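The block underneath contains the structure these notes are about, expressed in structure tokens.
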Amino acid sequence: MSQQVLQPWSQQTGTSVEESQEGMGVASATSGELVPKKRYARAKLVSANDIAAELARVYRAMKSGELDPNVGTKLTYVLSTLSKIRMDSEIEERLIALEERNY
Numbered sequence: 001m002s003q004q005v006l007q008p009w010s011q012q013t014g015t016s017v018e019e020s021q022e023g024m025g026v027a028s029a030t031s032g033e034l035v036p037k038k039r040y041a042r043a044k045l046v047s048a049n050d051i052a053a054e055l056a057r058v059y060r061a062m063k064s065g066e067l068d069p070n071v072g073t074k075l076t077y078v079l080s081t082l083s084k085i086r087m088d089s090e091i092e093e094r095l096i097a098l099e100e101r102n103y
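In this text, residue positions in the sequence shown follow UniProt numbering: the first is 1, and each later residue adds one.
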């Protein structure tokens, strides 16, 4: 499975678990022992190409059976939404630049 699909942040950044927990704090369990807060997988999703690459990773993971199709479908929906937002943002930036040139 791709390292950016459902992998903890520390595995992607190369930091140790101790380093990644610094500043995150811990949640206490009912038994009184300390339990680390839940960490989520992260991927660089800045450009349309980044989002497309992540969509391809999710697709390959689903096709190979490494990722449950129900989870993959949800991830695909979120990534598609992010892609649309990114596109709208880029169009908005271009429109603002054009409007500034005309004034």
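Yeah, the Cβ is synthetic: ideal placement off N, Cα and C, and Gly gets one too.
Predicted model, so just to flag it, every value in this text is computed and none were measured.
Check                                                                               : Outcome
Contact under 8 Å by Cβ, Ile51 with Leu82                                           : yes
Simplified DSSP assignment, three categories, for Val35                             : strand
N-terminal and C-terminal residue of the alpha helix (DSSP H) that Leu75 is part of : 69-102
Local conformation of Val58 per DSSP, three classes                                 : helix
Within 8 Å, strictly: CB atoms of Val58 and Leu79                                   : yes
Leu95 versus Ser89: straight-line alpha-carbon distance, rounded                    : 10 Å
Per-residue DSSP class, three states only, for Lys63                                : helix
Cα-Cα separation between residue 122 and Ala56, rounded to whole angstroms          : For residue 122 there is no data in the structure shown, the boundaries of the chain being 1 and 103.
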